[in-house]
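In my numbering, the protein residues as written are 82 to 590.
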């Protein structure tokens, strides 16, 4: 039954991938790249301050719950902190808009950016609670309760996009104004996400938390606060700089690339999301712990690498399905995919330090990685800054910044872990990388120059790529027949349903 945990997360992510792809297809086809760029700028404007609502307490909560702390006491503490932090977070967003427009008398490039920010306020209010709820279910490793609210969110977002954009329920003819409908859809979907998370997490026995527990959170999360700040800035500064130096169309193109990355990354979280609670709750010897990390690394590489290779080869056709206007952004997508691979593969290494309570080390690693993004974005994206001529690489500059950060995070994390304990990159992990590249070579030689193809052909090629990859894994004994059987058993619908029913019947607290 425990094998159903990752299968539920995988189900959520596959569902999110399909629904997300359809959602953005509707957005790009019926609202356009510029409207999505306006919305993306507004979203990034608010998310750049999202560190205020986190400050490392989400990661702290996962570890506290996974370590067996009293769930009710620690949930009360998290809820108390989130209420305060969310109020500050939303106030800072509104204050920033007020200072920019009223005090400094600056305007936005489009009035719809201003209105989109305001429409997204419910999204910004719901976001911290959604993150807290997900942190709790990650700590308890209740996969169904973690996954079902996310499935609800994806569904509500698609329905909203269909109503407001595909069928144009409000009869909007100005495409830039469609940015407001995208913002409204995001807000509605996150309100639904928060409500679903609350319902599945019942019963909540809310009362004032103990001061000692608050102090415990602060001790653990203190080294992670700078990480939270830089993560929020690094994740959103590129869109803001691109908007100020190039314009909404390029923001839309870059954001389209990022949505592809987000869709692929959501699949990899089927493996990565449980790494922290698994390592935190490990009670074996150091040798067994090291083998657990190697096991996680093997499956992470085997799962992530072929998806990345396929997406790099078919970057242009993937973007073209959304809109032919996105094809010029295919090279930046390829660079972003490579950077995302390095970042994802580094997860077991830097997460080790969170699991062992050595958050200063993981904090330093992530701080440097995020600083690289911020510094390189400032240097590489704009043509001029304060009268100084820079490289002016635009969207490609943002992609290179992400790649440099990912390479550092993997190398730095691996060296840091090796200095503490014996952890090896297993031969099976290296074979997984080699087989993924080998599988991709004939596809690249045949289709690497193609920029447009039908979605049916692309899907057929993905199935062929996957089957060839699995055959090579089995032929080289990277995956055994027993492991293949375990994977098939893991996604047995009957077991998944039984697991979900059992989990939903049990109170979380």
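For every residue, glycine included, the Cβ atom is placed at its ideal position computed from N, Cα and C.
Going residue by residue through the stretch 433-503, where are the continuous beta strand (DSSP E) segments of at least 3 residues, counting only ones entirely within it?
none
Starting from the C-beta of residue 174, find all residues in its chain whose C-beta is less than 8 Å away, skip the five residues before and the five after it, and write them out in chain order.
126, 127, 130, 198, 202, 205
Please identify the residue among 314, 520, 108, 225 whose C-alpha is closest to the C-alpha of residue 241.
108
Measure the Cβ-Cβ separation of residue 238 and residue 104 and say whether it is below 8 Å.
yes
Less than 8 Å between the CB atoms is what I'm expecting for residue 592 and residue 480, so what's the real figure, rounded?
Because the chain is modelled from 82 through 590, residue 592 falls outside the range shown and cannot be assessed.
Is residue 387 helix, strand or coil when you go by DSSP?
helix
Quick check: what's the CA-CA separation for residue 464 versus residue 501?
43 Å
Tell me which residues share the same chain as residue 478 and place their Cβ nearer than 6 Å to its Cβ, disregarding the 5 neighbours each side in the sequence.
461, 462
Contacting residues, own chain, Cβ-Cβ under 6 Å from residue 451 (five flanking each side not counted):
311, 312, 315
Can you tell me the Cα-Cα spacing of residue 96 and residue 225, whole angstroms?
14 Å
Contact under 8 Å by Cβ, residue 157 with residue 292:
no
Less than 8 Å between the CB atoms is what I'm expecting for residue 454 and residue 483, so what's the real figure, rounded?
6 Å
Three-way DSSP call (helix, strand, coil) for residue 536 in this model:
helix
If the criterion is Cβ atoms closer than 8 Å, does the pair residue 335 and residue 395 meet it?
no
Do residue 321 and residue 117 have their C-beta atoms closer together than 8 Å?
no
For the ligand COA, is there any heavy atom lying closer than 7 Å to the beta carbon of residue 471?
Looking at this structure, you won't find the ligand COA or any other ligand, since it has none at all.
Where residue 498 and residue 308 are concerned, what is the direct C-alpha to C-alpha distance, given to the nearest angstrom?
19 Å
I think residue 493 touches residue 446, with their Cβ atoms under 8 Å apart; what is that distance to the nearest whole Å?
5 Å
In terms of alpha-carbon separation, which member of 124, 565, 230 lies closest to residue 279?
230
For residue 142, report the span of its alpha helix (DSSP H) as first-last.
138-147
When the distance is taken between beta carbons, is residue 554 closer than 8 Å to residue 516?
yes
What is the DSSP secondary structure of residue 131, reduced to helix, strand or coil?
helix
To which residues of the same chain is residue 120 closer than 6 Å at the C-beta, ignoring the five residues directly before and after it?
197, 260, 263, 264
Does the stretch 177-186 come close enough to the stretch 243-259 to have 3 or more Cβ pairs within less than 8 Å?
no
So what does DSSP say about residue 249, is it helix, strand or coil?
coil
Reducing DSSP to helix, strand and coil, say where residue 239 ends up.
helix
Leaving aside the five residues before and after residue 346 along the sequence, list all residues of the same chain whose C-beta is less than 8 Å from its C-beta, in chain order.
421, 425
Can you tell me the Cβ-Cβ gap for residue 475 and residue 332, rounded? I've got them flagged as a contact below 8 Å.
Rounded, the Cβ-Cβ distance is 10 Å, inconsistent with contact.
Select from 459, 390, 408, 190 the residue whose C-alpha is nearest the C-alpha of residue 324.
190
4-residue-minimum alpha helix (DSSP H) runs that sit fully inside the stretch 195-226, ordered along the chain:
202-221
With DSSP as the reference, label residue 512 as helix, strand or coil.
helix
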